[in-house]
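Report on the structure given below.
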Amino acid sequence: MIFQFPSVWFLCALLVIPFLIWRWNRNSFRTGVTYTTGVDISLLPSTIRSKTAWIPNALRVLAIATLIVCIARPQKIFEKVQQNADGVAIELVIDRSSSMLAHDFTIDGKQVDRLTAVRKVAGEFIGGMGSLEGRSGDLIGLVTFAGYADSNCPMTFDHDFLVRDVLDSVQIVDERAEDGTAIGDALALAVERLSSLDERVKSDSGNSIQSKIIILLTDGENNRGDIDPQTAADIAAALDITVYTIGAGTNGWAPYPATDIFGRKTMRNQPVVIDEATLEAVATTTGGKYFRATDTASLENIYAEIDKMERTEITQRTYVNHVDMAVQSVRIAGFTVPPLLLVAFVFFIADALLRSTYYRILD
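Count the sequence shown with numbering that gives the first Met the number 0 and you get residues 0 to 362, in order.
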């Protein structure tokens, strides 16, 4: 609660209240009927009325104090913050082919497969953690691919659902018929998902799409699918969609899980083959950038760099509403406070009624 200036100076009148209390207590009235007697009144038993004779004076003090506060114009301020965001639409495209089983990434010092590391870092990119601020104002979707491309999650603002229920459940393919690396098909599917967003976002939230980007991560080369990666990149460029590409995998050789002739799980080194030329050409065609992630730390740095390059611009407006508590009721801490003028009026009426009835003096 605040007070309007210069009316706040009327609060100085509250300093008179102690004098009024002293004055009324000095000349406090006695209840009952005036009469002459030789009996010592102090020896008579006290009554409820005599014990509560201070109530009318207290009501009058409260009424005057409340009236003074009303004159000082107390106000309650209610602020409403409205945010308008021109967000970034992001389609994450993640490889889940069998080559992602390579254990050349680490989490907390423990070797893990590439997809596990990608799920962790991509989740932090979306939700925010460490050097990553998160993408709270952005529309994000997920496409995964191996031999075929799948749209795992449509574009959504529900990032908790995207990370917890969708991204964390993505698994590496375990059937040979589904294996492969259809980079072109996955990129084309992501472009299709982004191409019709403007009207939907405008109608749903009133905001607009600042930019559309695709973050494509793979550890191989295009060997499946019907669409060439460069063709998909040309379509993305025509629709003003920027593609950032990431090649995931250490340089040279990487350990892959295998089963020996005795059925035991073991690790075998296999060469890392990434078509960096194609990935770089796709990024260049769309105005994006190609990155190489050789370990978890470099993967985190890549997402952090993309995070800085593609930020959401948020315009925040604050609306302030002043409520005059003297004449309007307000809700504070779950309770409704009536207009203070009404409270003062009730105190005055209660004081007058009590003085003319229960505490009336007959001379």
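Where a beta carbon is used, it is the ideal one built from N, C-alpha and C, also for glycine.
Test item: CB-CB of Ile171 and Leu100 under 8 Å: Taking the first residue of the sequence shown as 1, we reach residue 171 at position 172. Taking the first residue of the sequence shown as 1, we reach residue 100 at position 101. Taking 8 Å as the Cβ cut-off, Ile171 and Leu100 qualify as a contacting pair.
Could you tell me the boundaries of the beta strand (DSSP E) in which Phe104 lies? The residue labelled residue 104 in the question sits at position 105 within the sequence shown. Note, Phe104: beta strand (DSSP E), Phe104 to Ile106.
Compute the Euclidean distance between the alpha carbons of Tyr243 and Asn250, then round it to the nearest angstrom. Translated into positions along the sequence shown, residue 243 becomes position 244. Translated into positions along the sequence shown, residue 250 becomes position 251. As the crow flies, the alpha-carbon of Tyr243 is around 20 Å from that of Asn250.
Between Ala282 and Gly246, is the Cβ-Cβ spacing less than 8 Å? On the sequence shown, position 283 is the one that residue 282 refers to. On the sequence shown, position 247 is the one that residue 246 refers to. Between Ala282 and Gly246, the gap from beta carbon to beta carbon reaches 8 Å or more.
Three-state secondary structure assigned by DSSP to Arg72: For the purposes of this step, residue 72 is taken as residue 73 along the sequence shown, with counting starting at 1. The answer is coil: DSSP assigns Arg72 none of H, G, I, E or B.
Does DSSP put Leu353 in a helix, a strand or coil? Here residue 353 refers to the residue found at position 354 of the sequence shown. In the structure shown, Leu353 sits in a helix (DSSP, three-state: H, G or I).
In the DSSP assignment, what residue or residues form a beta bridge with Trp252? One-based indexing of the sequence shown puts residue 252 at position 253. According to DSSP, which records beta bridges pairwise, Trp252 is partnered with Pro270.
Do Asn151 and Gly179 have their beta-carbon atoms positioned less than 8 Å apart in this structure? To locate residue 179, count along the sequence shown from 1; it is residue 180. To locate residue 151, count along the sequence shown from 1; it is residue 152. No, the pair does not count as a contact, with Cβ atoms beyond the cut-off.
Can you name, in chain order, every residue of its own chain whose Cβ lies under 6 Å from the Cβ of Ala253, other than the five neighbours on each side? Position 254 of the sequence shown, counted from the first residue, corresponds to residue 253. Ala101, Asp103 and Val271, listed in sequence order.
Taking the CB atoms as reference points, tell me whether Ser98 and Gly219 lie closer together than 8 Å. As a first step, residue 98 must be located in the sequence shown, where it is residue number 99. As a first step, residue 219 must be located in the sequence shown, where it is residue number 220. Contact annotation: Ser98 and Gly219 have beta-carbon atoms nearer than 8 Å.
Grab me the residues of Thr335's own chain with a C-beta within less than 8 Å of its C-beta, minus the 5 sequence neighbours each way, in chain order. Counting from 1 along the sequence shown, the entry for residue 335 is found at position 336. Excluding sequence positions up to five before and after Thr335, its CB lies within less than 8 Å of the CB of Ser328 and Val329, all in the same chain and listed in chain order.
Are the beta-carbon atoms of Ser210 and Val87 separated by less than 8 Å? The residue given as residue 210 occupies position 211 in the sequence shown. The residue given as residue 87 occupies position 88 in the sequence shown. Judged by their CB atoms, Ser210 and Val87 are nearer to each other than the 8 Å cut-off.
Just checking: is the beta-carbon of Phe156 within a distance shorter than 8 Å of some beta-carbon in chain D? Going by chain labels, chain D is absent from the structure shown, which holds only one protein chain.
Tell me the DSSP bridge mates of Tyr289? In the sequence shown, counting from the first residue as 1, residue 289 sits at position 290. DSSP lists Thr244 as partners of Tyr289.
Contact under 8 Å by Cβ, Asp167 with Gly122: In the sequence shown, residue 167 corresponds to position 168, counting from 1. In the sequence shown, residue 122 corresponds to position 123, counting from 1. Against a cut-off of 8 Å, the Cβ pair of Gly122 and Asp167 comes out as a contact.
Taking all protein chains shown into account, decide if Thr265 is buried (16 or more other Cβ within 10 angstroms of its Cβ) or exposed. Working through the sequence shown from its first residue, we reach residue 265 at position 266. Residue burial is scored here from C-beta neighbours: Thr265 has fewer than 16 other C-beta atoms within 10 angstroms and is therefore classed as exposed.
Please check the pair Ala185 and Phe144, which I expect to be a contact at CB under 8 Å, by giving their CB distance rounded to whole angstroms. Reading the sequence shown from its first residue, position 186 is the one you call residue 185. Reading the sequence shown from its first residue, position 145 is the one you call residue 144. Indeed they touch by this definition, with Cβ atoms about 4 Å apart.
Would you tell me roughly how many angstroms separate the C-alpha atoms of Ala64 and Ile70, rounded to the nearest one? For the purposes of this step, residue 64 is identified with residue 65 of the sequence shown, where counting begins at 1. For the purposes of this step, residue 70 is identified with residue 71 of the sequence shown, where counting begins at 1. A straight line joining the alpha-carbon of Ala64 with that of Ile70 spans about 10 Å.
Could you tell me which residues DSSP pairs with Thr155 in its beta bridges? For the purposes of this step, residue 155 is identified with residue 156 of the sequence shown, where counting begins at 1. Answer by DSSP bridge pairing, in chain order: Ile139.
Return the residue from the list Gly146, Ala176, Gly140 and Asp112 that minimises the CA-CA distance to Val164. Residue numbering aside, residue 164 sits at position 165 when the sequence shown is read from its first letter. Looking at the sequence itself, residue 164 is Asp, so the reference to Val does not match. For Asp164, the closest of Gly146, Ala176, Gly140 and Asp112 by C-alpha to C-alpha distance is Gly140.
Using a 10 Å radius around the Cβ and a threshold of 16 neighbouring Cβ atoms, would you call Met308 buried or exposed? Taking the first residue of the sequence shown as 1, we reach residue 308 at position 309. Under a 10 Å Cβ-count criterion, Met308 is classified as exposed, with fewer than 16 other Cβ atoms of the shown protein chains found around its own Cβ.
Note down, in chain order, each residue of its chain lying with its Cβ closer than 7 Å to the Cβ of Tyr357, except the 5 sequence neighbours on either side. As a first step, residue 357 is located in the sequence shown; it is residue number 358 there, counting from the start. Answer for Tyr357: Arg48, listed in chain order.
Keeping to the same chain, check which residues put their C-beta closer than 7 Å to that of Val342; ignore five residues upstream and five downstream. On the sequence shown, position 343 is the one that residue 342 refers to. Sequence-distant partners of Val342 (beyond 5 residues in either direction) whose C-beta falls short of 7 Å from its own C-beta, in its chain, are Thr65.
CB of Tyr289 within 8 Å of CB of Glu304, strictly: What you label residue 289 is simply residue 290 of the sequence shown in a count that begins at 1. What you label residue 304 is simply residue 305 of the sequence shown in a count that begins at 1. It is not a contact, given that the beta carbons lie outside the stated cut-off.
If you run the structure through DSSP and keep just helix, strand and coil, what is Arg118? For the purposes of this step, residue 118 is taken as the residue at position 119 of the sequence shown. In the displayed model, Arg118 falls within a helix according to three-state DSSP.
Can you tell me whether DSSP reads Ile1 as helix, strand or coil? If you number the sequence shown from 1, residue 1 lands on position 2. Of the three classes helix, strand and coil, the one that applies to Ile1 here is strand, per DSSP.
Give the secondary structure of Leu238 by DSSP, where H, G and I count as helix, E and B as strand, and everything else as coil. Within the sequence shown, the letter at position 239 stands for residue 238. Three-state result, Leu238: coil.
Please work out which residues of its chain come closer than 7 Å, Cβ to Cβ, to Asp225, disregarding the five sequence neighbours upstream and downstream, and give them in chain order. As a working note, residue 225 is residue 226 in the sequence shown. Same-chain partners within the cutoff: Asp184.
Terminal residues of the beta strand (DSSP E) in which Arg330 lies: Counting from one through the sequence shown, the residue named residue 330 turns up at place 331. Its beta strand (DSSP E) spans residues Val329 to Ile331.
Specify, as a first and last residue, the run of the alpha helix (DSSP H) that Val281 falls within. Mapped onto the sequence shown, residue 281 falls at position 282. Bounds of the alpha helix (DSSP H) holding Val281 are Glu275 to Thr284.
Within 10 angstroms of its Cβ, does Val190 collect 16 or more other Cβ (buried), or is it exposed? Along the sequence shown, one-based indexing puts residue 190 at 191. Buried: at least 16 other Cβ atoms inside 10 Å.
Buried or exposed for Ser355, please, with buried defined as at least 16 other CB atoms from any protein chain shown within 10 angstroms of its CB. By one-based count along the sequence shown, residue 355 stands at place 356. Taking all protein chains shown into account, Ser355 has fewer than 16 neighbouring C-beta atoms within 10 Å of its C-beta and is therefore exposed.
Straight-line gap, Thr30 to Asp350 (C-alpha atoms, nearest Å): For the purposes of this step, residue 30 is taken as the residue at position 31 of the sequence shown. For the purposes of this step, residue 350 is taken as the residue at position 351 of the sequence shown. Because the pLDDT at Thr30 is just 47, under 50, the model does not fix this residue reliably, and the value given afterwards should be weighed accordingly. Rounded to whole angstroms, Thr30 to Asp350 spans 15 Å at the Cα level.
Figure out for me which residue from Pro153, Thr230 and Leu161 has the closest Cα to the Cα of Ile182. Residue mapping note: residue 182 aligns to position 183 of the sequence shown, counting from 1. Taking only the C-alpha atoms, the option nearest Ile182 is Thr230.
Would you say Met324 and Lys75 are within 8 Å of each other, going by their C-beta atoms? If you number the sequence shown from 1, residue 324 lands on position 325. If you number the sequence shown from 1, residue 75 lands on position 76. Yes. Within cutoff.
Any idea which residues DSSP pairs Asn300 with across the strands? Position 301 of the sequence shown, counted from the start, is the residue given in the question as residue 300. Looking at the DSSP output, Asn300 bridges to nothing.
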